[in-house]
Each structure stands twice: as C-alpha cells, then as structure tokens.
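> Sequential numbering from 2 applies to the sequence shown in my numbering.
The beta carbon of each residue, even a glycine, is placed where N, CA and C say it ideally should be.
From a predicted model like this one, the values you see are computed outputs, not experimental measurements.
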Amino acid sequence: VATYIADNQSELLSQQAAEAVSLSMPGREADAIAGDLTDLVARCAALCHFHGIQQPGQNQNRGQKFLLVARAPEARGASALPGQEPLP
2 VATYIADNQS ELLSQQAAEA VSLSMPGREA DAIAGDLTDL VARCAALCHF
52 HGIQQPGQNQ NRGQKFLLVA RAPEARGASA LPGQEPLP
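(1) Pick out whichever of Phe-67, Arg-77, Ala-71, Leu-82 has its Cα sitting closest to the Cα of Ala-21.
(2) Compute the Euclidean distance between the alpha carbons of Cys-45 and Gln-65, then round it to the nearest angstrom.
(3) Does DSSP put Val-22 in a helix, a strand or coil?
(4) By Cβ distance, which residues of its chain are closer than 6 Å to Leu-69, with the 5 residues on each side in sequence left out?
(5) Ignoring anything shorter than 4 residues, give me the alpha helix (DSSP H) runs that lie fully in the stretch 24-59, in order along the chain.
(6) DSSP three-state call for Ala-71: helix, strand or coil?
(7) Could you tell me the distance, in whole angstroms, from the CA atom of Ala-33 to the CA atom of Gln-56?
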C-alpha cells in the first residue's frame, strides 16, 4: 500500500485531514500501550473500509502516526437493507 500511495500521491492525496489524539492510560507503560494502539487502529480502519499505514521509526515519546486511506466499497447489486440503495 505504501508504494501505491507514493506512486499515486498527486491523485490520492488531493484531500487531507489530520487530527491529533491524546490518550491517557494511568498505570500502563508506553511500550505496552504502543502495541495495543496499533491493533486498535487496525481494527477500526478495517471496520470503516480503510487501509492503514503506520509511519515507521517514530519516537514513542512523541507519539505514533498512521496514514488511513479509504475508498467506499463498490456497489454489488441491490442493498441487503430494506429501503436502502448502494453507493454509485
């Protein structure tokens, strides 16, 4: 995914939004939280049809960065939900 983004950045990165999130977990070490955060971001990204890339080499004291890329799922026939139409 990282190579694809790099090769197509002019088309794909025409819209960007950044948001910083600060999480507090008293009594837990930063190393233990880092692994849990990566898993949490991966699960949330998958549920929302995102692809996630974690920026390598980040200093744990400065936080972690993730690039989330999304595309709406393709319409495949009629919606399974009554009264709903799939996205074009």
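Taking the coordinates as given:
(1) Cα-wise, what sits closest to Ala-21 is Phe-67.
(2) 16 Å
(3) Here Val-22 sits in coil by DSSP.
(4) Ala-46, Phe-51, Gly-53
(5) 31-48
(6) strand
(7) 18 Å
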